[in-house]
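Remarks on the structure that follows.
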Amino acid sequence: MVAASAPVAAAGTGVAGLTWLLVLLPLVASLLIVFLGRRMPARGAELGIAAVAASFLLSLATLWRVVQGAGPVERSFTWAPIGSFTLQVGWYVDGLAAVMFVMIGLVSLCVHVYSLGYMQGDARFTWFYAALALFTGSMLNLVAANNLFQLLVGWELVGICSYLLIGHWWEEHVNSSSAIKAFITTKTGDVPFIFGIFTLVVTTGTSNIPRIAEAVEHGELGRGVLVAAALLLFGGAIGKSAQFPLHVWLPDAMAGPTPVSALIHAATMVVAGVYLVGRMFGVFAAAPGAMGVVSTIAGITMLIAALLAMVQDDIKRVLAYSTVSQLAYMLAGLSLGEAGYTPGLFHMFTHAFFKALLFLGAGSVIHAVHSNNMSEMGGLRKVMPVTFWTFLIGSAALAGIPPLAGFWSKDEIITTAFRTGNMALWATAMLTAVLTAFYMSRAVLLTFFGPFRGHGHPHESPAVMTAPLVVLAAGSVLVGFLGAPQLDAVFADWVHVGEAHHEPFSYGFAAISVAGALLGIAAGYRLYARWREREPLRALGPAYTLLERKYFLDDLYWVGIVRPVRDRVSAAVDWSNRVILDGIVHAFARAARGLSRAIDLVDARAIDGAVNGLAHTTGFSGGILRYIQSGNVQRYAAFLFTGVIVLAIVFTRF
Amino acid sequence: MIRLPLALLFSAALFSVGVYGVLARRNAVMVLMAIELMLNAVNVNLVAFSQQLGQLVGQVFALFVIAVAAAEVGIGLAIVILLYRNRETINVDEVNLLRW
Chain A
1 MVAASAPVAA AGTGVAGLTW LLVLLPLVAS LLIVFLGRRM PARGAELGIA
51 AVAASFLLSL ATLWRVVQGA GPVERSFTWA PIGSFTLQVG WYVDGLAAVM
101 FVMIGLVSLC VHVYSLGYMQ GDARFTWFYA ALALFTGSML NLVAANNLFQ
151 LLVGWELVGI CSYLLIGHWW EEHVNSSSAI KAFITTKTGD VPFIFGIFTL
201 VVTTGTSNIP RIAEAVEHGE LGRGVLVAAA LLLFGGAIGK SAQFPLHVWL
251 PDAMAGPTPV SALIHAATMV VAGVYLVGRM FGVFAAAPGA MGVVSTIAGI
301 TMLIAALLAM VQDDIKRVLA YSTVSQLAYM LAGLSLGEAG YTPGLFHMFT
351 HAFFKALLFL GAGSVIHAVH SNNMSEMGGL RKVMPVTFWT FLIGSAALAG
401 IPPLAGFWSK DEIITTAFRT GNMALWATAM LTAVLTAFYM SRAVLLTFFG
451 PFRGHGHPHE SPAVMTAPLV VLAAGSVLVG FLGAPQLDAV FADWVHVGEA
501 HHEPFSYGFA AISVAGALLG IAAGYRLYAR WREREPLRAL GPAYTLLERK
551 YFLDDLYWVG IVRPVRDRVS AAVDWSNRVI LDGIVHAFAR AARGLSRAID
601 LVDARAIDGA VNGLAHTTGF SGGILRYIQS GNVQRYAAFL FTGVIVLAIV
651 FTRF
Chain B
1001 MIRLPLALLF SAALFSVGVY GVLARRNAVM VLMAIELMLN AVNVNLVAFS
1051 QQLGQLVGQV FALFVIAVAA AEVGIGLAIV ILLYRNRETI NVDEVNLLRW
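Protein chains in written order, with the numbering used here: chain A, 1 to 654; chain B, 1001 to 1100.
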């Protein structure tokens, strides 16, 4: 791309030297939208789209450098020296960052364009675009950061953008409380995260990510420190990437507008946790036991989330639980060590395409039928052909049907689990793959087949909404080939630790995966091909109730955490109010009453006279002082200056 | 080369004019201008001492004062304009809604 001979300040870094521009463009656009958006012809949307498109082009150029075999580029500037520690700002661009840039840029661009249609006529349209652009910039900053503190800044900024956008329609109470739930739940994970950062910074003396990786490699850190740091960092990932037991916020985050769900809660922000584990992979790999924890959490999460996705009626919630489950796949891949590094991150890359596609498709359906519930959809295949076909491609990709993107990445994770001998994880991943195919075929059948059960006459969405669908559908078909072993699996050359792993393609494993997916689809078809008033899965009895109530986790948190904190604190306050304060007040009252009776007699005679006398005196002196308290600022100023002069004289004389 | 006492005398005179303006004027714009006079008297002092002591800090500080004064007068004039729009007067004596 930009030749190394270009006289850029950062010699030889080419377009990677422009990473600051890539990050700043959306952030600046966000500010401009806030201040100028309302006066622009498209109410600020064009600013956001232009900035994100420019960032996307830069990210493509950055990726092109990586494709040509350029190594990682790091630039670091001193931001603020604090004693012996120096806060840095800079960027670190390797294959992983470049791939993330492209992914974020493309999905964000699609969502920006799509929202033109979806958010049309919204009261806070301009503000929505400002928040979207701010989010994009923050996410790019998170990825570009070369040090943990800058990463943390991006991490928290995307969190606040998520909060703002989930609560975009805050007039409805449930939306604003969902936003608060998302914010507080992820924040629960952020507390260990920041302590993990402190642990690494204190023990290595630097927040610079490549430096820390070097320190870990040279064995400068003790085992205990490594385990603590890895687990604390993973706490952040559990919160941000919605892993068990903090996954409860993501389904509720669906209260936000659907484009937001596609961008933030499917493709980008929620993979920040996965990215973190990938970026700090050295720490995790070197910490004995930490990978086991990651693996266990991921295994639990992928299964329970997939089970939950089966019983949802809200189409967005199906996709939300599916996202939780797929995020667990990515972490499971990473937890397999060096061999699983590339598959895990490859799945993150492909997942962004088809999950964003599915969300935008769901948004298109919701836009048409004005309901989130699949029981009020059905038969949309004929009236919304573009949405139907793209949604079908996305579903097939997610279910792992070859040769779509999801097949290559998911199969790679499952195969790697088997090859590294992690049989428990392999079995869980296989089972989850079957369930995934099942709930996706259920969603497709309920939404697009059978009779239409809603109200009104749904019609296909406008071109600004279907065009992004087509782009993402093309991506869902094509990006998988980047990791196809038959085509040299170029993705592994871009994103790898140590030597790039090129595992040979195993037709046996692929056959098992595809058979699993087909099994899930067949089961889905069997149950949902014909519309039934009664949900067929209700036949499961108590198990269905368990799923419907989300394993009672929300109730558990409510009873176990929210209510005790709220009730204890409020009860304590109430008790102290009643017993202590009231007691004191009552005692005073009683004493006062007794006293007043005694005094009553005295009062009438002696005191009245005194009081009246006092009142008169007060009134009289007030009348005089009134002239000083004129309320006239200039007179006050005159007093002030007089005082200063008097003080000056006093100080100079004595 | 101006001698220090001369500069200080000038500064003191300027300051006194400013104080008089703040105390005696009824026109809000005039009051603001008088405040500017006082600030500039301070600047003269700062620059004079900077010259005398051969240290640049004083001049830097004067620049800061100029910047802050610009911001202050910007806000002040904005308030005066809003005041005039609402009350049709900029006489500080008549702006007494919050009095008592």
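Beta carbons: idealized from backbone N, C-alpha and C, even for Gly. Computed from a predicted model, the values in this text were never measured in an experiment.
Checking 8 Å against the spacing of the C-beta atoms, do residue i and residue j come in under that value?
i, j, result
"Ala656/A", "Tyr321/A", "An answer regarding residue 656/A cannot be provided, because it is not within the stretch 1 to 654 covered by chain A."
"Leu142/A", "Cys161/A", "no"
"Ser55/A", "Leu151/A", "no"
"Gly154/A", "Pro192/A", "no"
"Leu246/A", "His265/A", "no"
"Met440/A", "Leu380/A", "no"
"Ala130/A", "Gly37/A", "yes"
"Met377/A", "Tyr118/A", "no"
"Ala97/A", "Ala144/A", "yes"
"Val73/A", "Val93/A", "yes"
Leaving out five residues before and five after residue i in sequence, what residues of the same chain have Cβ atoms less than 6 Å from its Cβ?
i, result
"Val216/A", "Gly282, Val283 and Ala286"
"Arg442/A", "Gly524 and Tyr528"
"Val8/A", "Only weak support is given to the placement of Val8/A: the predicted model assigns it a pLDDT of 35, under 50, and the value that follows is read from those uncertain coordinates. Cβ neighbours of Val8/A beyond the five flanking positions: Gly17."
With distance defined between alpha-carbon atoms, name the residue in the options nearest to residue i.
i, options, result
"His502/A", "Phe56/A, Gly483/A and Leu148/A", "Gly483/A"
"Phe85/A", "Met310/A, Gly205/A, Ala262/A and Trp426/A", "Gly205/A"
"Ile393/A", "Leu425/A, Lys382/A, Ser375/A and Ala356/A", "Ala356/A"
"Ile315/A", "Gly406/A, Thr618/A and Val369/A", "Val369/A"
"Thr545/A", "Tyr627/A, Val311/A and Val202/A", "Val311/A"
"Asp1093/B", "Phe651/A, Asn632/A and Ala637/A", "Asn632/A"
"Thr136/A", "Ala405/A, Gln120/A, Met423/A and Val260/A", "Val260/A"
"Leu18/A", "Leu60/A, Ala29/A and Leu36/A", "Leu60/A"
"Leu164/A", "Val89/A, Asn146/A, Met254/A and Glu460/A", "Met254/A"
"Val248/A", "Leu360/A, Thr323/A and Phe101/A", "Thr323/A"
"Tyr341/A", "Ile413/A, Ile297/A, Pro403/A and Gly256/A", "Ile413/A"
"Asp411/A", "Met423/A, Gly421/A and Ala433/A", "Ala433/A"
"Val113/A", "Ser176/A, Thr188/A, Ile82/A and Ala42/A", "Ala42/A"
"Ala511/A", "Pro451/A, Pro402/A and Arg626/A", "Pro402/A"
"Val15/A", "Arg590/A, Trp91/A and Ala237/A", "Trp91/A"
"Glu156/A", "Leu221/A, Gly239/A, His586/A and Phe128/A", "Gly239/A"
Could you pull out every residue in the same chain whose Cβ sits closer than 8 Å to the Cβ of residue i, ignoring the five residues on either side in sequence?
i, result
"Tyr1020/B", "Ala1034"
"Ser375/A", "Asp313, Leu446 and Arg453"
"Ile212/A", "Leu148, Leu200, Thr204, Thr206, Met280, Gly282 and Val283"
DSSP three-state label for residue i, please.
i, result
"Gln1059/B", "helix"
"Ala4/A", "For Ala4/A, the pLDDT reaches just 36, beneath the cut-off of 50, and the residue's location in the model is therefore unreliable, although a value from the coordinates is still provided. Note: Ala4/A maps to coil in three-state DSSP."
"Asn141/A", "helix"
"Trp531/A", "coil"
"Ala11/A", "Note that Ala11/A scores 40 on pLDDT, short of 50, meaning its location in the model is unreliable and no value can be drawn from it."
"Glu74/A", "strand"
"Asp314/A", "strand"
"Gln88/A", "strand"
"Val93/A", "strand"
"Trp170/A", "coil"
"Ala500/A", "coil"
"Ala484/A", "coil"
"Ile82/A", "strand"
"Asn146/A", "coil"
"Asn1091/B", "strand"
"Asn373/A", "strand"
"Asn1096/B", "coil"
"Asn422/A", "coil"
"Asn612/A", "helix"
"Asn632/A", "coil"
Contact check, residue i vs residue j under 8 Å by CB: the rounded distance?
i, j, result
"Leu319/A", "Ala417/A", "The pair is not a contact, with the Cβ atoms about 24 Å apart (cut-off 8 Å)."
"Val684/A", "Leu263/A", "Since the first and last residues shown for chain A are 1 and 654, residue 684/A lies out of range."
"Val386/A", "Leu469/A", "6 Å"
"Val477/A", "Leu404/A", "6 Å"
"Thr268/A", "Ile166/A", "About 14 Å separates the two Cβ atoms, so there is no contact after all."
"Val1073/B", "Leu1032/B", "6 Å"
"Ile297/A", "Phe244/A", "6 Å"
"Val274/A", "Leu334/A", "7 Å"
Once the 5 residues before and after residue i are set aside, which same chain residues still bring their CB inside 7 Å of it?
i, result
"Leu425/A", "Ser295, Gly299, Ala332 and Ala417"
"Thr199/A", "Val225, Ala228, Ala229 and Leu232"
"Ala1041/B", "Ser1011, Leu1014, Phe1015 and Gly1018"
Item to complete: Return the residues of the stretch 630–642 of chain A that lie within a Cβ-Cβ distance of less than 9 Å from chain C, sorted by chain order.
Response: You won't find chain C in this structure, because its protein chains are A and B.
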